[in-house]
Amino acid sequence: MTIWNKLSAQAEAVRNRPLLELFEIEARAGSFSAEAGGLLFDYSKTNIDAETRDLLIALAEERGVAARREAMFTGAKINETEGRAVLHTALRNLDGSVLVDGADVMPAVRETHARMVAFAHDLRAGRFTGQGGAITDVVNIGIGGSDLGPAMAVLALAPYHDGPRCHFVSNVDGAHIHDILAGLNPATTLVIVASKTFTTIETMTNAETARRWMATKVSDPAAQFAALSTAGDKTAAFGIDPSRVFGFEDWVGGRYSMWGPIGLSLMLAVGPETFDRMLAGAAAMDRHFRTAPFAQNLPVLLALVGIWHNQFCGYATRAVLPYEQRLARLPAYLQQLEMESNGKRVSMDGADLSYHSGPVVWGEPGTNGQHAFYQLIHQGTRVIPCEFMVGAEGHEPDLAHQHLLLVANCLAQSEALMRGRSLDEAREIMRAKGLEGAELERQARHRVFPGSRPSTTLLYPKLTPETFGAIVALYEHRVFVEGVILGINSFDQWGVELGKELALALAPVLDGSSDGAGKDGSTLRLAARFRAAQGG
Ligand code: F6P
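Residue numbers for the sequence shown follow numbering that gives the first Met the number 0, so the first one is 0 and each next one is one higher.
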């Protein structure tokens with residue numbers, strides 16, 4: 000039997016095993032957890048036992064995770080459908096040297112980083128100013144990977160924020176840029192156009208809007224623009240001075256790009272030193288990932304738990320539940336990271352997958368989610384593996400009592416999911432409330448929790464820049480390992496193309512310059528209704 004088939008059989012065999020039973024084995028919590036850089040990953044509240052773990056590790060070995068990992072770190076072109084290396088790790092290992100096509104890429108990485116640092120120092124010290132004085136606000140215009148990473152990071156590192164206010168515009172919906180710019184003074188605002196390709200329609204449309212807005216108040220709007228892109232020719236055509244263009248190479252995937260120029264808004268907000276602390280945390284996770292044995296390797300273990308739940312247990316979604324308000328944007332960030340990377344339907348060689356690819360990822364910070372969707376997680380008919388995360392310490396020492404409540408809620412949820420409440424326990428509760436007979440039975444049944452619902456918990460010391468960098472790098476590598484095990488290319492995103500093409504083709508139908516010949520009846524009717532509403 001193949002390892003894959005053994006794992007499928009194992010999943011069937013243990014499907015109804017109560018999780019609590021696993022804790023009859025002494026020291027389960029200790030042996031089903033691992034630690035790196037102060038991050039403790041506890042996966043003991045899952046249905047993985049020693050035999051399953053051995054099989055999962057054997058699967059990772061069989062699928063060549065170690066070799067592929069080395070190929071990634073050393074600059075091999077593992078993004079095979081685009082013929083590109085995958086080297087976001089180079090952006091945070093600035094001392095290293097990595098060859099792509101025989102040339103060391105690191106001197107250019109270091110030079111761009113140094114230029115970002117110099118620009119950040121100048122802006123933060125008031126040496127680079129707007130045409131109305133010191134820069135008070137920075138507007139990052141970008142979408143997807145050119146938005147989600149820095150937006151998440153600026154919020155995550157709010158306690159370290161001592162630079163200009165940062166705002167993020169992503170949506171092509173004019174409401175987004177309108178509402179952000181409405182509160183700002185063009186003469187003291189820096190606009191950053193963040194786009195790897197510098198062709199993304201949403202970003203370029205918003206950039207034009209911002210330039211018009213800037214021109215209403217300053218004589219030289221382009222002087223208050225910066226660009227983050229791989230496309231130097233296009234940033235020049237837009238009129239942005241090369242001194243404020245921070246370039247990077249095609250081996251940085253959009254959703255992996257916050258460590259380099261795409262992180263400029265964060266660097267301006269928190270300063271280069273704090274930014275570099277984040278890089279150092281991520282680099283430490285890289286070293287751990289590259290060297291730790293699989294059984295102690297956090298990204299590998301996270302991936303194996305994910306593969307177990309999705310591919311073998313058949314749980315289609317994964318909830319990410321940070322008990323950390325400042326990680327509010329992490330679920331959205333992970334949606335792109337995980338679903339754009341591993342939402343594929345064919346293997347690297349183009350063959351149809353015979354199993355499911357990546358799961359649906361979603362989530363919200365606790366405790367807010369508890370008062371919204373946890374009902375379904377506890378009592379719904381579907382099993383949803385939950386990934387809890389929480390810091391041992393908060394940043395507000397005078398609110399330590401609130402932090403204690405936060406942690407208590409986090410731990411209580413994973414306990415409740417595992418423990419559940421039996422019908423007998425529910426009957427007891429109803430009896431104590433004075434109910435009896437058929438009404439007691441009916442009411443008790445609504446109060447049963449099936450329990451044995453799997454979860455993991457990531458406990459970290461405090462959301463410092465280092466810890467934040469390590470958490471994001473942990474998830475990046477987890478996605479990588481899952482992709483290797485699934486045999487797919489985690490670094491392309493062809494699935495976003497069709498909608499983009501059709502949107503471009505539909506614009507003339509909506510403005511009436513095309514009759515939309517060949518379009519389906521539904522799309523044409525909706526377009527006609529739009530035109531009618533416009534008076535067209
Ligand atoms: O459409 C998807 C995508 O290509 C993402 O992968 C990327 O992060 C985003 O668009 C933005 O792309 P760009 O940085 O080139 O504007």
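Every residue, glycine too, gets a C-beta built ideally from N, C-alpha and C.
Residue i: CB within 6 Å of a non-hydrogen atom of the ligand F6P
{"i": "residue 145", "result": "yes"}
{"i": "residue 492", "result": "yes"}
{"i": "residue 253", "result": "yes"}
{"i": "residue 575", "result": "Within the shown structure, residues of the chain are numbered from 0 to 535, placing residue 575 beyond reach of any answer."}
{"i": "residue 194", "result": "yes"}
{"i": "residue 360", "result": "no"}
{"i": "residue 244", "result": "no"}
{"i": "residue 176", "result": "no"}
{"i": "residue 47", "result": "no"}
{"i": "residue 142", "result": "yes"}
{"i": "residue 204", "result": "no"}
{"i": "residue 290", "result": "no"}
{"i": "residue 495", "result": "yes"}
{"i": "residue 545", "result": "In the structure as shown, the chain begins at 0 and stops at 535. Residue 545 is therefore absent and cannot be evaluated."}
Under 7 Å between C-beta atoms of residue i and residue j
{"i": "residue 360", "j": "residue 455", "result": "no"}
{"i": "residue 326", "j": "residue 119", "result": "no"}
{"i": "residue 396", "j": "residue 362", "result": "no"}
{"i": "residue 43", "j": "residue 67", "result": "no"}
{"i": "residue 335", "j": "residue 364", "result": "no"}
{"i": "residue 84", "j": "residue 95", "result": "no"}
{"i": "residue 261", "j": "residue 227", "result": "yes"}
{"i": "residue 99", "j": "residue 138", "result": "no"}
{"i": "residue 386", "j": "residue 319", "result": "yes"}
{"i": "residue 390", "j": "residue 499", "result": "no"}
{"i": "residue 80", "j": "residue 136", "result": "no"}
{"i": "residue 443", "j": "residue 425", "result": "yes"}
{"i": "residue 263", "j": "residue 115", "result": "yes"}
{"i": "residue 511", "j": "residue 535", "result": "yes"}
{"i": "residue 255", "j": "residue 87", "result": "yes"}
{"i": "residue 162", "j": "residue 123", "result": "yes"}
{"i": "residue 457", "j": "residue 388", "result": "yes"}
{"i": "residue 322", "j": "residue 147", "result": "no"}
{"i": "residue 358", "j": "residue 317", "result": "yes"}
{"i": "residue 130", "j": "residue 217", "result": "yes"}
{"i": "residue 149", "j": "residue 265", "result": "yes"}
{"i": "residue 529", "j": "residue 503", "result": "no"}
{"i": "residue 243", "j": "residue 221", "result": "no"}
{"i": "residue 57", "j": "residue 2", "result": "yes"}
{"i": "residue 384", "j": "residue 292", "result": "no"}
According to DSSP, residues forming a beta bridge with residue i
{"i": "residue 385", "result": "318, 454"}
{"i": "residue 190", "result": "138, 224"}
{"i": "residue 444", "result": "Paired residues: none, contrary to the question."}
{"i": "residue 132", "result": "129"}
{"i": "residue 40", "result": "33, 457"}
{"i": "residue 236", "result": "The partner list for residue 236 (beta bridge, DSSP) is empty, contrary to what the question assumes."}
{"i": "residue 102", "result": "99"}
{"i": "residue 112", "result": "DSSP lists no partner for residue 112."}
{"i": "residue 171", "result": "Residue 171 is not bridged to any residue."}
{"i": "residue 244", "result": "226"}
{"i": "residue 166", "result": "138"}
{"i": "residue 83", "result": "78"}
Chain B within 7 Å of residue i, Cβ atoms only
{"i": "residue 508", "result": "Of the protein chains in this structure there is only one, and it is not chain B."}
Give the list of continuous alpha helix (DSSP H) stretches no shorter than 4 residues that lie fully inside the region 323–364.
Runs of the alpha helix (DSSP H) inside the region 323–364: 329–333.
Three or more C-beta pairs under 8 Å: does that hold for the region 155–167 against the region 208–215?
Using a C-beta cut-off of 8 Å, the region 155–167 makes no contact with the region 208–215, since fewer than three inter-stretch Cβ pairs fall below that distance.
Take every Cβ of the region 479–491, pair it with every Cβ of the region 295–315, and state whether three or more of those distances are shorter than 8 Å.
Yes, the region 479–491 is in contact with the region 295–315.
Entirely within the region 249–275 and at least 4 residues each: give me those alpha helix (DSSP H) ranges in chain order.
Counting whole runs of 4 or more residues, the region 249–275 contains the alpha helix (DSSP H) stretches 263–269.
Taking contact to mean at least 3 C-beta pairs separated by less than 8 Å, is the region 444–462 in contact with the region 261–278?
Proximity of the region 444–462 to the region 261–278 falls short of the contact definition, fewer than three beta-carbon pairs being nearer than 8 Å.
Below 8 Å, can you find three or more Cβ-Cβ pairs linking the region 186–201 to the region 131–149?
Touching, yes.
Does the region 464–477 come within contact of the region 284–302, defined as at least 3 CB pairs closer than 8 Å?
Flag = yes, the region 464–477 and the region 284–302 touch.
Length at least 4, wholly inside the region 447–505: the alpha helix (DSSP H) runs in chain order:
Counting whole runs of 4 or more residues, the region 447–505 contains the alpha helix (DSSP H) stretches 464–485.
Quick check for students: name the residue ranges of the alpha helix (DSSP H) that lie wholly in the region 386–434, counting only runs of 4 or more.
Runs of the alpha helix (DSSP H) inside the region 386–434: 399–418, 422–431.
Inter-stretch contact (C-beta, 8 Å, three-pair minimum) for the region 105–118 and the region 247–264:
Contact between the region 105–118 and the region 247–264 is established, with three or more Cβ pairs separated by less than 8 Å.
Quick test of the definition: if touching needs 3 or more C-beta pairs under 8 Å, does the region 272–292 touch the region 163–172?
Under the Cβ criterion (8 Å, minimum of three pairs), the region 272–292 does not count as touching the region 163–172.
Is the region 403–419 touching the region 371–379 in the sense that three or more CB pairs, one from each, lie closer than 8 Å?
Touching, per the Cβ criterion.
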